[in-house]
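K.L.:
Okay, handing you the structure first.
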Amino acid sequence: METKTDHTILKTEIEKMNSAVELKHLKKSFKDKHVLIDINLKLAKGENLVVLGKSGSGKSVLIKCLVGLIDADDGELIVFDKNISETSSDELNTIRKKIGFLFQSGALYDSMSVRENLEFPLRDQKKIFKAELNKLVEEALADVGLSEAIDKMPSELSGGMRKRLGLARTMILKPEIMLYDEPTTGLDPITSKEISKLILEVQKKYNTSSIIITHDIECAKITANRIIILKDGLLAAEGTFKNLEKSEDKWVRSFFE
Amino acid sequence: MSVIIQIKDKETESSIKKETFFNTTLKNFFLEISLITRFAAHFFIELLKPPYEFGELLKQSYLIGCKSLPLVGITGFIMGLVLTIQSRPTLVQFGAESWLPAMVGVSIIREIGPVITALIFAGKVGSGIGAELASMKVTEQIDAMEVSGTNPFKYIVVTRILSTSLMLPILVVFADVIALYGSYVGVNLKGDVSFHLFFSQVIESLDFMDVFPALIKTFFFGFAIGLIGCYNGYNSNKGTEGVGISANAAVVYASLLVFIIDMMAVQVTSLFM
Ligand SMILES: Nc1ncnc2c1ncn2[C@@H]1O[C@H](COP(=O)(O)OP(=O)(O)OP(=O)(O)O)[C@@H](O)[C@H]1O
Ligand SMILES: [Mg+2]
Chain A
4 METKTDHTIL KTEIEKMNSA VELKHLKKSF KDKHVLIDIN LKLAKGENLV
54 VLGKSGSGKS VLIKCLVGLI DADDGELIVF DKNISETSSD ELNTIRKKIG
104 FLFQSGALYD SMSVRENLEF PLRDQKKIFK AELNKLVEEA LADVGLSEAI
154 DKMPSELSGG MRKRLGLART MILKPEIMLY DEPTTGLDPI TSKEISKLIL
204 EVQKKYNTSS IIITHDIECA KITANRIIIL KDGLLAAEGT FKNLEKSEDK
254 WVRSFFE
Chain B
26 MSVIIQIKDK ETESSIKKET FFNTTLKNFF LEISLITRFA AHFFIELLKP
76 PYEFGELLKQ SYLIGCKSLP LVGITGFIMG LVLTIQSRPT LVQFGAESWL
126 PAMVGVSIIR EIGPVITALI FAGKVGSGIG AELASMKVTE QIDAMEVSGT
176 NPFKYIVVTR ILSTSLMLPI LVVFADVIAL YGSYVGVNLK GDVSFHLFFS
226 QVIESLDFMD VFPALIKTFF FGFAIGLIGC YNGYNSNKGT EGVGISANAA
276 VVYASLLVFI IDMMAVQVTS LFM
């Protein structure tokens, strides 16, 4: 199902760059359900990669394998030149601190206030002073437009606010790699656009490499340097937004309508 | 559940089938025991390794202790009062009414105080921990901690098990004192014993081997309640129904374990008597 669009230029460009993440023959099944069959993927440094695919196609599983939340059955997972499946737990933790992960469900800490949620990823950096910490937290909240909610509990927030808080918590560490699982789902078009721009801004400012899972084509259009589409456990298509939008394959085009 | 239904259908079949039924339940039983043991071993390993989560430990101890204080106090008072009222007629029959404070005191301190308080604690705190951890698991909060480079076992499980182990002995002492006060009130419903006389009688009747083993076993009760609560919550199945199941299992097995530990404690103390 490889698209006929010509993206050889793009490919060689990626080959030349250093990769932040590399997946080789990644495989994952749950009992007899084969979710990922053979995924080969490179994420270049400073690149925004958008992942499309139908619901249940294994997008979330893919990025969970990347941080070792789900153990892959087979294949190599290389992050920062380290093979994830072979690292010790200490090494894995060091790697994880350089990765931001936005959960599809938000995964906010219910028992902590908004402020404490944001402070949590920074808690073992003992050198940070209180004033500095406050500034970081306020900045992160301002970025997602949540400044007034700083002393609320997550249960008092609306669905979209929870999403934005999750995003702020992921971004506060300024990680080298960001994994966004549906950052704009459930948000109004205006906020969605702001979030998409924020993702772009973060990429420019900190040279972050990101994988962005989304169903929001507007978001993909704004953020993507490159797009892949997952289907039946394989990469069904790969290319730039413009390439895929005009793909000869009807199925690929249908994502962009 | 399905296994039991199968057995009912095949009751007429050969006894070999029944043997396999017992085999599987036995197997599951021992499997569960080994998993809990491993969970406990994991606890001790993480307990010793730095960094230590003192802040969270304090917070949990405060929450766990304070949450149970009123309930433990009320049950303690009622326990002492009722026990005294119930024991009086028997003692009167034997003309041993003056023994009332001593007898009630010994039963509260040795047995009833620790066990009833532990059961209340299991119902309140054990189920709370089971439900809380299970819902953290369902909503991916535990995963989120792991991804952010914090060891969730250390942050969540170790602090809670330590808190229950440390807080239950304190709560039991508190409950014992209130229960003795309840007993004092009970004695004075039909008699007239001064506060001073009552408590000096109680203290005189107690010796070291009444108080010390009773206090030691409450550590184990607390540990068991925390362990079972955390084990069930931390390993809960995904989905919201997992939350209810975990909370329920936490209370049932923790209560059972309290009785088992109590029985073992009696055997052990009788060795030293
Ligand atoms: N922990 C798990 N145990 C068993 N099966 C799982 C587990 N996690 C995911 N799956 C299965 O893997 C498949 C892919 O799930 P995944 O969450 O990656 O989908 P997705 O592409 O993110 O979908 P969506 O767009 O709806 O979020 C699904 O069929 C799901 O049932
Ligand atoms: Mg998903």
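Heads up: the protein sequence lines correspond to chains A and B, in order. In this text, residue positions in the first sequence follow the numbering used here: the first is 4, and each later residue adds one. In this text, residue positions in the second sequence follow the numbering used here: the first is 26, and each later residue adds one. Note that the Cβ used here is the ideal one computed from N, Cα and C, for glycine as well.
1) Quick one, are the C-beta atoms of alanine 279(B) and isoleucine 250(B) less than 7 Å apart?
2) So what's phenylalanine 33(A) in DSSP terms, helix, strand or just coil?
3) I need the straight-line Cα distance from glutamate 185(A) to proline 157(A), nearest angstrom please.
4) Decide if alanine 66(B) is buried, meaning its Cβ has at least 16 other Cβ atoms within 10 Å, or exposed.
5) May I have all residues whose beta carbon comes closer than 7 Å to any heavy atom of ligand 2, sorted in chain order?
6) Say yes only if the C-beta of serine 58(A) is nearer than 6 Å to one or more non-hydrogen atoms of ligand 1, and no if none qualify.
7) In three-state DSSP terms, what is phenylalanine 54(B)?
8) Pairing CB atoms from the stretch 173-181 of chain A with CB atoms from the stretch 99-108 of chain A, are three or more of them under 8 Å?
9) Is there a Cβ of chain A sitting closer than 7 Å to that of alanine 169(B), yes or no?
10) Can you find the residues in the same chain that come closer than 6 Å, C-beta to C-beta, to threonine 243(B), ignoring five residues on each side of it along the sequence?
11) Using 10 angstroms around the beta-carbon of tyrosine 259(B), count the other beta-carbons present and answer buried if the total reaches 16, otherwise exposed.
12) Any heavy atom of ligand 1 within a distance shorter than 6 Å of the CB on valine 172(B)?
13) Are there 16 or more other CB atoms within 10 angstroms of the CB of lysine 7(A), so buried, or fewer, so exposed?
14) For the stretch 145-173 of chain B, enumerate the residues whose C-beta is nearer than 7 Å to any C-beta of chain A, in chain order.
15) Does the beta carbon of phenylalanine 104(A) fall short of 6 Å from some heavy atom of ligand 1?
16) Identify the continuous beta strand (DSSP E) that holds arginine 229(A) and give its terminal residues.
17) Using DSSP with H/G/I as helix, E/B as strand and the rest coil, what is isoleucine 1(A)?
18) When DSSP labels each residue in this structure, what does alanine 143(A) get in the three-state scheme?
19) Compare the C-beta of proline 124(A) with all C-beta atoms of chain B and state if any pair is closer than 7 Å.
20) How about arginine 165(A): is its C-beta nearer than 7 Å to some C-beta of chain B?
21) Using 7 Å as the limit for Cβ to Cβ distance, is alanine 23(A) near chain B?
22) Mind listing the chain B neighbours of asparagine 96(A)? Cutoff is C-beta to C-beta under 7 Å, in chain order.
23) Applying the 10 Å Cβ sphere with the 16-neighbour rule, what's the burial state of threonine 164(B)?
24) Helix, strand or coil: which one does DSSP assign to histidine 28(A)?
25) Does chain B have any CB closer than 7 Å to the CB of arginine 118(A)?
26) When the Cβ atoms of the stretch 116-123 of chain B are set against those of the stretch 141-160 of chain B, are three or more pairs found closer than 8 Å?
27) Where phenylalanine 297(B) and proline 238(B) are concerned, what is the direct C-alpha to C-alpha distance, given to the nearest angstrom?
28) Can you give the Cα-Cα distance for isoleucine 265(A) and valine 54(A), rounded to whole angstroms?
29) Between the Cα of phenylalanine 224(B) and the Cα atoms of Ser59(B), Cys255(B), Asp235(B), Val202(B), which residue gives the shortest distance?
30) Express the C-alpha separation of threonine 142(B) and isoleucine 70(B) in angstroms, rounding to a whole number.
31) Should phenylalanine 258(A) be counted as a contact of ligand 1 given a C-beta to heavy atom distance under 6 Å?
32) Show which residues of chain B have a CB atom less than 7 Å away from the CB atom of leucine 72(A).
33) Tell me whether leucine 231(B) sits in a helix, a strand or coil according to DSSP, three-state version.
34) Pick helix, strand or coil for aspartate 343(B), following the three-state DSSP scheme.
35) Please confirm whether arginine 99(A) has its beta-carbon closer than 7 Å to some beta-carbon of chain B.
36) Give a single yes or no on whether phenylalanine 68(B) has its beta carbon closer than 6 Å to a heavy atom of ligand 1.
P.N.:
Quick look at the numbers:
1) yes
2) strand
3) 19 Å
4) exposed
5) Lys62(A), Ser63(A), Gln107(A), Asp184(A), Glu185(A), Ile216(A)
6) yes
7) helix
8) yes
9) yes
10) Pro139, Leu193, Pro194, Val197
11) buried
12) no
13) Residue placement at lysine 7(A) is flagged as unreliable, the pLDDT there being 42, under the threshold of 50; a coordinate-derived value is accordingly withheld.
14) Thr164, Glu165, Gln166, Asp168, Ala169, Glu171, Val172, Ser173
15) no
16) 229-234
17) In the structure displayed, chain A extends from 4 to 260; residue 1(A) sits before or after that span and is not available.
18) helix
19) yes
20) no
21) no
22) Gly174
23) buried
24) strand
25) no
26) no
27) 10 Å
28) A question about residue 265(A) goes unanswered here, because the residues of chain A that appear run from 4 up to 260.
29) Val202(B)
30) 29 Å
31) no
32) Asp168, Glu171, Val172
33) coil
34) Beyond the ends of chain B as shown, which are 26 and 298, falls residue 343(B); an answer cannot be given.
35) yes
36) no
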